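Working notes for the structure below.
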Amino acid sequence: MYVYDEFDRSFLQERVVEFRDQVARRLSGELTEDEFKPLRLMNGVYLQLHAYMLRVCIPYGTLSAPQLRALAHVARRYDRNYGHFTTRQNIQFNWIKLEELPDAMADLAKAGLHGIQTSGNCIRNTTTDPWAGATPEELEDPRIYAEVIRQWSTNHPEFTYLPRKFKIAITGAQRDRAAVRVHDVGLRLHKRDGEIGFEVMVGGGLGRTPYIGKTIREFLPKEHLLSYLEAILRTYNLGGRRDNIYKARIKIQVHEMGAEEFSRRVEREWEETRDGALKLDDETMADIRSRFITPDFEKLPDNPLELTIEQDPAFLRWKANSIVPHKEPGHAILTISLKPVGAPPGDATADQMDAIADLAERYGYGEIRVSHEQNLILPHVRQKDLPTLWRALDALGVATPNVGLVTDIISCPGLDYCALANTRSIPVAQRISERFSDLERQKEIGLLHLNISGCINACGHHHVGHIGLLGVEKKDEEFFQITLGGKGNSKARLGSLIGPAVAESEVVDVVERLVDTYLALRTSPQESFIAAVERLGIDPFKESAYAPR
Amino acid sequence: MTSPLQRKLKITGPTVVTANRLRDGIVVWLKADGVWSEDLPEAAVGNTADEVLDLLDIAQADESIAVGAYPARVNIGEDGAVVPGTLRERIRCSGPTVAYGEAVAAS
Amino acid sequence: MPLVETGTPSPAPYVRVADDEALPDGAVIVSAERLLAESESLRVRNGDLGVLWPNDRDVAELEPFLPRLNLVALDFPKYRDGRAFSQARLLRERYGFKGQLRATGNVLRDQLLMMSRSGFDAYEIDKDADAAAFSEALKSYSVFYQPTGDGRPTIRGLRAALRGKEKA
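From first to last, the protein sequence lines stand for chains U, H and C. With our numbering, letter number 67 in the first sequence gets 67, and the count goes up by one each step, no holes. With our numbering, letter number 24 in the second sequence gets 1024, and the count goes up by one each step, no holes. With our numbering, letter number 162 in the third sequence gets 2162, and the count goes up by one each step, no holes.
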């Protein structure tokens, strides 16, 4: 992972001092709430239903063990002993006090962590593949470029007061695990004539008006990454709508102008700057790359005796579910499910964070990732350690073998915490998880992404769930709209609404009927839920969902 | 100072004014004496739009103690007890409806 | 409203002139419309000339007038509206404007350094306290990641210099 140097550290120190001063000026009345709000948001501080919420940035989802311990410390010292991992690979603390936030920020800064640009109308944390640097599938480690973008976008003087928030995602693998097509800018590394560069997509996004991003450039040579992004951002900053908050995202600008015209303007702007100071030379790239610690992988055989000798059926089930191949022999990528049956999706206690940090140090070269599915990942574990690791994780309650299955639910915090939410989402997630808790049944159902958002802002990414639930409120009662067939991967597609919203009390039954319909109609167990929906269309599902009882 | 927009406030029953306290974000309600309270039962209840607007004026005139003030429906029980009128306000009053943190791990 | 200038100070205060008002002697700031409509008479007029350029108008239109202009004022109608940051960089870095670039409108302390980095060198600041804290605000950061036209060293440059030293 990237290790801060003296310049990165100086910047972070100065940011803490600046924020402490801003909080003091707010508390003394020198700053009005209206003036203070954008400043606190740019440091990740929201005011939610019950308290302030701090969103800490986890750059491209990568954490070191000491950083995870620093998060545990903040949970203990300033919050209520837990944190919530988000769909953008960050973490949120729900119970923080404004007057204590500068101290919390200072403690985080010691570990190279911060809340900078995790909210506000600025360039947010760049997200990427949680398997980056570990998967055999990738062309190049996308985190190097995500770090280049982090540095360029941090406290950018021109782009800190944009029309609206701006999210960038990047993938280095053909199989997209970063949902690049539903970001303001999506970047995909690919090869053309032996040279590696980016496909640039613009104007994707979920929320109130979901769009799939449009490719505005098939191939951008790598050295032009920043100048091209600056051209996009400048075109957006000057031309994005500011008259209506719901129309201020770049996706609306691209849609209203047309992707071709948008692309033409970006290219024209870029022609002026492409060979300027932002051009990435080999030396700069080598310098950034050199500050990423790459584990010194042991030379180990695949499928060692320590692994194959372990025949506990529970272990075998977990291994089949939570482990994927690593680029190095004898190693594996391990997903730690933060979705135990009946628990709030994505939450971890301070004790769990500390313990996982210890395990990462002992068995995983000290590295941890956060996935946008709200799970943790140990990207580099030795296969021979898997049985021991499994027992330790199981004791922590984070070894449920449900990764990618129906109970691996992605959910926003909903009305239990969030000031924007219309309905709760966690209780629905919990009840679905309980209904499908039988592990055999989950395995039988197979791959199924179920996403829940408690309002139209779509933080639970319901549009790209195979089954998506969107909470709507009618006369103070909770209802859920159901979409089917959404996908967030390289073939991103938005789900289709199957019909009228169903009452909160019925939603679990309806989800079960949808799943049962799939099981009844699939051609074979090899046909996944999403494949069956694509083959059959939504009609048979709709019929069973609304069948009179 | 009251904007003409605020003067259009419609209320559908007994209403209180609520906000979050600046220094720690906790939920507070406005009392009749203009002081913020952590207890809903102490809140001043307005029964007409004008009464609620007067409370809002007091709340919004000074954001040094509490921020984001808005009117919230309440219900008055037969015993005179003031309880939140919506799910959102029930959650703000009593906390999340789900267990969290170590309470989850323990269950 | 206090004015802070960090470049060459204006010889005399600029007077903002409404479109239907006759031009007084001395330094004036006119609207974009007036600049475009009366460009010839303004060009030959004695006295410093400035324009208040709105933030929804392309600054490329200003290019032919820049040699005659002593000042361009860019507007922040609300401090959250950051279009003038881009306009400022374009005027300085692309069109090479050397005169005074003045931030006007809702100008607050916490944006002063970003304005300076974008090329502004004069600020009509909303609050007295913010103006008093001007030099402090400009010193809130000593390291910068991005290159702009402001001449401040970037972290990338500092790293390259360090590498050079290590090699030597």
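Even for Gly, the Cβ is constructed at its ideal location relative to N, Cα and C. Quick caveat, the model's predicted, so the values are computed rather than measured.
CB contact below 8 Å: residue i versus chain C
i, result
"Arg241/U", "no"
"Leu225/U", "no"
"Ala277/U", "yes"
"Glu272/U", "yes"
"Pro38/U", "yes"
Cβ of residue i within 8 Å of any chain H Cβ
i, result
"Arg549/U", "no"
"Gly555/U", "The displayed coordinates of chain U run from 1 to 549. Any statement about residue 555/U would go beyond what the structure contains."
"Thr235/U", "no"
"Glu33/U", "yes"
"Ala343/U", "yes"
Residue of the options minimising C-alpha distance to residue i
i, options, result
"Gly133/U", "Thr127/U, Thr126/U, Asn125/U and Pro142/U", "Pro142/U"
"Val2163/C", "Ile288/U, Leu497/U, Arg26/U and Glu373/U", "Residue identity check: residue 2163/C is Arg in the sequence provided, not Val. With distances taken between Cα atoms, Arg2163/C lies closest to Ile288/U."
"Lys2139/C", "Met2114/C, Tyr2145/C, Gly2149/C and Arg2068/C", "Met2114/C"
"Pro1096/H", "Gly537/U, Glu477/U, Gly414/U and Gly446/U", "Gly414/U"
"Thr118/U", "Asp107/U, Asn451/U and Val56/U", "Val56/U"
"Lys555/U", "Glu18/U, Lys167/U, Glu328/U and Leu12/U", "Since the first residue shown for chain U is 1 and the last is 549, residue 555/U is missing from the structure and cannot be characterised."
"Asp509/U", "Asn451/U, Leu307/U, Arg549/U and Arg25/U", "Arg549/U"
"Arg177/U", "Ile445/U, Ser371/U and Ile96/U", "Ser371/U"
"Ser490/U", "Gly186/U, Ala350/U, Ile482/U and Leu68/U", "Gly186/U"
"Ser2086/C", "Leu238/U, His380/U, His156/U and Glu199/U", "Leu238/U"
"Tyr2145/C", "Ala547/U, Thr154/U and Tyr145/U", "Thr154/U"
Closer than 8 Å to chain U by CB, residue i
i, result
"Asn1075/H", "no"
"Thr1002/H", "Bear in mind that the predicted position of Thr1002/H carries a pLDDT of just 45, short of 50, making it too unreliable to give a figure here."
"Val1104/H", "yes"
"Asp2110/C", "yes"
"Pro1096/H", "yes"
"Thr2006/C", "no"
"Ala2129/C", "yes"
"Ala2161/C", "no"
"Gly1038/H", "A small fix is needed here, since residue 1038/H is Glu in this sequence, not Gly. No, its Cβ sits nowhere closer than 8 Å to a Cβ of chain U."
"Leu2158/C", "yes"
"Phe2085/C", "yes"
"Tyr2141/C", "yes"
"Met2114/C", "yes"
"Ser2118/C", "yes"
"Asp2025/C", "no"
The alpha helix (DSSP H) enclosing residue i, as first and last residue numbers
i, result
"Leu2069/C", "Careful: Leu2069/C lies outside any alpha helix (DSSP H) and carries neither H nor E."
"Leu305/U", "Leu305 to Thr308"
"Glu33/U", "Glu33 to Leu41"
"Glu260/U", "Ala259 to Thr273"
"Leu1056/H", "Ala1049 to Ala1061"
"Arg2156/C", "Ile2155 to Lys2167"
"Ala392/U", "Leu386 to Leu396"
Interface residues of chain C facing residue i [CB-CB closer than 7 Å]
i, result
"Glu47/U", "Per the sequence shown, the amino acid found at residue 47/U is Leu instead of Glu. Correct list: empty, because the minimum Cβ distance to chain C is about 17 Å."
Element boundaries [beta strand (DSSP E), containing residue i]
i, result
"Ala1019/H", "Thr1015 to Arg1021"
"Tyr2123/C", "Ala2122 to Glu2124"
"Phe480/U", "Glu477 to Leu484"
"Met201/U", "Glu195 to Val202"
Closer than 7 Å at the beta carbon, the chain H residues around residue i
i, result
"Asn81/U", "Gly1101 and Glu1102"
"Leu98/U", "Leu1022, Arg1023, Asp1024 and Gly1025"
"Ile426/U", "Val1098"
"Asp476/U", "Thr1086 and Leu1087"
Contacts of residue i in chain C (Cβ-Cβ under 8 Å)
i, result
"Phe7/U", "Val2143, Ile2155, Leu2158 and Arg2159"
Residue i: contacting residues in chain C (beta-carbon distance under 9 Å)
i, result
"Phe11/U", "Tyr2141, Ser2142, Val2143, Phe2144, Tyr2145 and Ile2155"
Chain-ordered neighbours of residue i on chain H, where CB pairs are closer than 8 Å
i, result
"Tyr417/U", "Pro1096"
Beta-carbon neighbours of residue i, restricted to chain U and to distances below 9 Å
i, result
"Arg2043/C", "Neighbours of Arg2043/C on chain U: none; closest Cβ ~27 Å, over 9 Å."
Chain-ordered neighbours of residue i on chain U, where CB pairs are closer than 8 Å
i, result
"Gly1034/H", "Within 8 Å Cβ-Cβ: nothing; Gly1034/H doesn't reach chain U, min ~17 Å."
Where residue i meets chain U, residues with beta-carbon distance less than 7 Å
i, result
"Thr2148/C", "Pro157"
Exercise for review: Entirely within the segment 311-355 of chain U and at least 4 residues each: give me those alpha helix (DSSP H) ranges in chain order.
Suggested key: Qualifying alpha helix (DSSP H) stretches, in chain order: 313-322.
Point to revise | Any beta strand (DSSP E) of 3 or more consecutive residues that is wholly inside the segment 135-178 of chain U | key: 168-171
Point to revise | Secondary structure, alpha helix (DSSP H): runs of 4+ residues fully inside the segment 46-126 of chain U | key: As far as the segment 46-126 of chain U is concerned, its whole alpha helix (DSSP H) runs of at least 4 residues are 65-78 and 101-110.
Review point. Which whole runs of the alpha helix (DSSP H) in the segment 2092-2140 of chain C are 4 residues long or more, in chain order?
Key: 2112-2118, 2128-2132 and 2134-2138
Practice item. Identify every run of the beta strand (DSSP E) within the segment 191-253 of chain U, keeping only runs that are complete inside it and at least 3 residues long; order them along the chain. Key: Listed in chain order, they are 195-202 and 214-221.
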